[in-house]
Structures are given as structure tokens and as C-alpha cells.
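A short write-up of the structure that comes next.
In the UniProt record's numbering, the protein residues as written are 1 to 129.
So this is what it looks like as C-alpha cells:
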């Protein structure tokens with residue numbers, strides 16, 4: 001009995017493309033971008049990130065959240081998140097956020113502790129338009 005391999009490609013197609021494109025691996029910067037946005041927009045309480053922040057980051061969140069730079073508008077949507085690795089155990093990340101037709105920017109720094117957990121060490125937000 002001969003078995004045929006089940007492939008995802010249609011007959012006659014020889015390239016390696018996939019219908020939905022390559023999957024981009026999600027990193028800790030994606031997780032933090034979603035959580036930070038939820039706190040700054042008032043969807044989650046500031047203390048939900050208490051164990052995930054170090055240094056001045058928690059104080060920065062406490063300052064940003066009541067001011068609510070995204071609170072009075074429509075629900076914000078995370079459009080893009082990127083990262084840069086300036087050295088081992090450090091990620092400097094950015095997020096582009098849209099709220100209706102308005103665009104905002106968020107920058108944050110993640111540091112990996114001795115326990116290998118990532119924690120937010122700094123956060124800044126600024127409106128783009």
C-alpha cells in the first residue's frame with residue numbers, strides 16, 4: 001500500500017508561499033503593548049501591572065492613567081508594535097495606536113530580570129496627530 005503525503009499546496013504549485021503569509025513570532029513587547037494600552041486607556045486598573053514594572057515605570061503609569069490620554073476618545077486599537085534590542089536582556093519597543101482617525105505613539109523599555117521575566121522599566125506616550 002502506497003501512502004501519499006498530504007500537502008497544503010494545490011497540485012502543480014512548487015513554491016513555499018502560504019495563503020496567510022509568514023507568521024511573525026510574538027514577543028514580550030507585544031504582550032506589554034497590549035497591557036500598557038489597556039491601563040492607559042482605562043480598560044484595566046494600574047495595579048494590574050504592579051508585578052510587571054520596575055523603577056519609575058509604575059509611577060509613570062500612575063501619572064498617565066488618570067490623565068487618560070486615550071480615555072475620552074473611542075476605544076484605542078494597537079496597530080503596530082516593533083522592537084529594538086540594544087543589548088542582552090533589554091528591549092526598547094514602540095507601539096502605534098489608532099483611535100478613530102487619531103494616531104498616538106507609545107514607547108517603552110523592557111528589562112529581563114535574573115529570574116528571566118520581562119518587566120517594563122519606562123513608558124512614554126505622545127499624540128502624533
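No residue lacks a Cβ here, since even glycine has one placed at the ideal position from N, Cα and C.
Predicted model, so just to flag it, every value in this text is computed and none were measured.
What residue from the options has the CA that sits closest to residue i's CA?
i	options	result
residue 33	101, 93, 98	93
residue 74	28, 98, 122	98
residue 77	111, 96, 125, 120	96
residue 124	88, 100, 58	58
residue 39	55, 87, 26, 61	61
residue 112	45, 26, 87	87
What are the residues that DSSP puts in a beta bridge with residue i?
i	result
residue 78	97
residue 126	105
residue 53	120
residue 83	93
residue 112	118
Are the beta-carbon atoms of residue i and residue j separated by less than 8 Å?
i	j	result
residue 65	residue 42	yes
residue 108	residue 36	yes
residue 120	residue 49	yes
residue 47	residue 110	no
Within 8 Å of any Cβ in chain C, is that where the Cβ of residue i sits?
i	result
residue 113	Any reference to chain C falls outside this structure, which holds one protein chain only.
Between the C-alpha atoms of residue i and residue j, what's the straight-line distance to the nearest angstrom?
i	j	result
residue 117	residue 90	11 Å
residue 126	residue 79	15 Å
residue 31	residue 52	11 Å
residue 106	residue 114	26 Å
residue 102	residue 56	28 Å
residue 122	residue 54	8 Å
residue 26	residue 44	22 Å
residue 63	residue 104	17 Å
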